[in-house]
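First the structure, in the form of structure tokens, and then the observations on it.
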């Protein structure tokens, strides 16, 4: 599948920049729901908005999708201005809301056929496209079953499939795993990962840290309508200043202490009985070197555990409170 061929647009903006938001603002009476939110997403990138319910995630994406009028700021899709009246811009977006938008008495294939017509796909184009979408969301074997017989997770996956029918360069997913079982959640995350591999830009909102850490190339932490910080997981964790910890269960661990302390990537080493605790900035990059140094020093390593600071630590650091539902 090639999602982007027909969407290239020449402009001063980078060819790969699909979405640009600048200082988005929205108020509801005295409540400021979104306050100067800015970020960009490139093709093949998953950008996560991580924050609790009520943080402003849905309001932000509703303005981006062009279904909610903004009070201020700008949105552009592939370098072209986008608003609630922009027909072209809306065609570039696949929007998958929290609430299911499906007909329960129709089969999955019939639902997709109906929405393909709404998107303006010709019958000859829609037929193979529906088969492709069913494969992407893992519902080929249940394509002819009524949606009312689907599990919650299957309905969520079909909802994503509807958003993909017209091959949008930008897919917006608003809490797509809310209320689904772990198996369905994993299937949804795998589907999203496959899409970014095809060049789709994904805007993904969630209040689940593990989803953001697993799926997102960059993350914007949002609370009370403001982006508190953004970056890769590693960059965000760096704001807290915490180090990764490599825990070794080893025989003769004391022998390895001098060798480990001499490594440039090691910040601190502690030893107690059969346990070694090695503090490093990036455990994934340092693990091989640490194990090699310990083994060369005559230590027999029996077990290894890696502990990395998570986004919960970052959120607590930035907002003074834990990430909540």
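Numbering (the UniProt record's numbering), first residue to last: 1 to 325.
Built from N, CA and C at the ideal position, the CB exists for glycine as well.
Remember, predicted model here, so these are calculated numbers, not experimental data.
Closest by C-alpha distance to residue i, when choosing among the options
i: residue 287; options: 263, 98 and 168; result: 263
i: residue 112; options: 98, 130 and 100; result: 130
i: residue 70; options: 77, 78 and 61; result: 61
i: residue 53; options: 165, 223, 310 and 268; result: 223
i: residue 329; options: 245, 159, 280 and 123; result: Any answer about residue 329 is impossible in this case: the structure gives the chain only from 1 up to 325.
i: residue 232; options: 99, 320 and 213; result: 213
i: residue 65; options: 83, 74 and 55; result: 83
i: residue 299; options: 315, 276 and 93; result: 276
i: residue 274; options: 248, 291 and 318; result: 248
i: residue 243; options: 25, 313 and 73; result: 313
i: residue 171; options: 198, 28 and 151; result: 198
i: residue 21; options: 319, 77, 127 and 38; result: 38
i: residue 207; options: 48, 304 and 18; result: 48
i: residue 89; options: 81, 95 and 96; result: 81
Per DSSP, the bridge partner or partners of residue i
i: residue 35; result: 25
i: residue 30; result: The partner list for residue 30 (beta bridge, DSSP) is empty, contrary to what the question assumes.
i: residue 165; result: None; residue 165 has no bridge partner.
i: residue 277; result: 247 and 270
i: residue 40; result: 20
i: residue 307; result: 245
Limits of the beta strand (DSSP E) - the one that residue i falls within
i: residue 263; result: No beta strand (DSSP E) holds residue 263; DSSP gives it neither H nor E.
i: residue 46; result: 46-50
Host alpha helix (DSSP H) of residue i (start-end)
i: residue 329; result: Absent from the structure is residue 329, since the part of the chain shown begins at 1 and ends at 325.
i: residue 172; result: First-last for residue 172: 170-174, but that is the beta strand (DSSP E), not the alpha helix (DSSP H).
i: residue 60; result: 57-65
Rounded distance between the beta-carbons of residue j and residue i, thought under 8 Å
i: residue 187; j: residue 255; result: About 47 Å; that fails the 8 Å criterion.
i: residue 42; j: residue 293; result: Going by Cβ atoms, the distance from residue 42 to residue 293 rounds to 38 Å, so no, they are not a contact pair.
i: residue 192; j: residue 58; result: So it is not a contact: roughly 18 Å between Cβ atoms.
i: residue 209; j: residue 310; result: 6 Å
i: residue 225; j: residue 75; result: About 16 Å; that fails the 8 Å criterion.
i: residue 331; j: residue 156; result: The structure shown has nothing for residue 331, since the chain only spans 1 to 325.
i: residue 302; j: residue 259; result: No, residue 302 and residue 259 are not in contact; Cβ-Cβ is about 18 Å, not under 8 Å.
i: residue 307; j: residue 239; result: In fact, because the Cβ distance is near 18 Å, the residues do not count as touching under 8 Å.
i: residue 162; j: residue 101; result: 7 Å
i: residue 147; j: residue 106; result: 6 Å
i: residue 194; j: residue 136; result: 7 Å
i: residue 252; j: residue 205; result: Not confirmed; about 50 Å, so no contact.
i: residue 219; j: residue 24; result: Not a contact, Cβ separation roughly 17 Å.
i: residue 108; j: residue 139; result: 5 Å
i: residue 267; j: residue 280; result: 6 Å
i: residue 221; j: residue 236; result: 7 Å
i: residue 215; j: residue 189; result: 6 Å
Alpha helix (DSSP H) segments (min. 4 residues) lying fully within the segment 71-154: 87-91, 108-118 and 123-136
In chain order, each alpha helix (DSSP H) run of at least 4 residues that lies wholly inside the segment 183-238: Counting whole runs of 4 or more residues, the segment 183-238 contains the alpha helix (DSSP H) stretches 209-215.
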